[in-house]
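Right, one structure below, let's go through it.
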Amino acid sequence: MKNINNIEFKELISKNSEAIIIDCRTESEWDEGRIKNAVLLDLFESQLFMQKIENFDKSKMYLVYCRSGSRSVAACQVLESVGIKNVYNLTGGITDWNGDIIV
1 MKNINNIEFK
11 ELISKNSEAI
21 IIDCRTESEW
31 DEGRIKNAVL
41 LDLFESQLFM
51 QKIENFDKSK
61 MYLVYCRSGS
71 RSVAACQVLE
81 SVGIKNVYNL
91 TGGITDWNGD
101 IIV
């Protein structure tokens, strides 16, 4: 896992059209706004989270964020535990994001 700031996160999104953007917040947080093209994968729903990531393509890039950057660290560690190596965490989470937010 590599911790990156919002500028680096945006750059990776723009340069890697096949990157998977994971929002690991709750559904109610998701409803308040999210980064474009993100998929919701609530870390607190641990069984469902594990079921979904076990089927992920391990060759893809995964960009992960939460509200402040703490849950996304844990989510990145779980992704790595199933063999996914190309994992990036948005430090500061969506709180520090200065790009567009989809509601």
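So the sequence shown is numbered by this note's numbering: it starts at 1 and just counts up by one. Think of the CB as a built atom: it goes at the ideal place given N, C-alpha and C, for glycine as much as any other residue. Predicted model only: the values in this text are computed from it and were never measured.
Residue pairing of I20 in beta bridges, as defined by DSSP: Y62. Residue state for K36 is assigned as coil, using DSSP reduced to three classes. Annotated three-state conformation of V103 is coil, per DSSP. In terms of Cβ geometry, L43 and A74 form a close pair [threshold 8 angstroms]. When only Cα atoms are considered, I21 and V78 end up about 15 angstroms apart. As the crow flies, the alpha-carbon of I35 is around 22 angstroms from that of I84. When the Cα atoms are used, D96 and S68 turn out to be separated by approximately 8 angstroms. Around the beta carbon of L41, 16 or more other beta carbons sit within 10 angstroms, so the residue counts as buried.
R25 places its beta carbon 8 angstroms or farther from that of C76.
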